[in-house]
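Scroll down for the structure; my scribbles are underneath it.
In the working numbering, the protein residues as written are 40 to 100.
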């Protein structure tokens, strides 16, 4: 699932790839990653995707 997160970010918001990499290194819970995938897939802008990644930085694995 972590790879799916990175694929979405790389394809739609490449400038956020470093942030996404850091995020998936910290989070290993499949349910959390699935939720992130859904949020990122529906993000309409880089700003929205950045907000999603920033708000998830406190998620635990």
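Every residue, glycine too, gets a C-beta built ideally from N, C-alpha and C.
Scanning 67, 85 and 94 for the CA closest to the CA of residue 48 turns up 85.
For residue 69, the enclosing alpha helix (DSSP H) stretches over residues 69-81.
In this structure, DSSP gives residue 94 a helical state, which the three-state scheme calls helix. Excluding the 5 residues flanking it on each side, residue 55 has same chain C-beta neighbours closer than 8 Å at 48, 85, 88, 89 and 92, in chain order.
Per the coordinates, the alpha-carbon of residue 76 lies some 6 Å from the alpha-carbon of residue 44.
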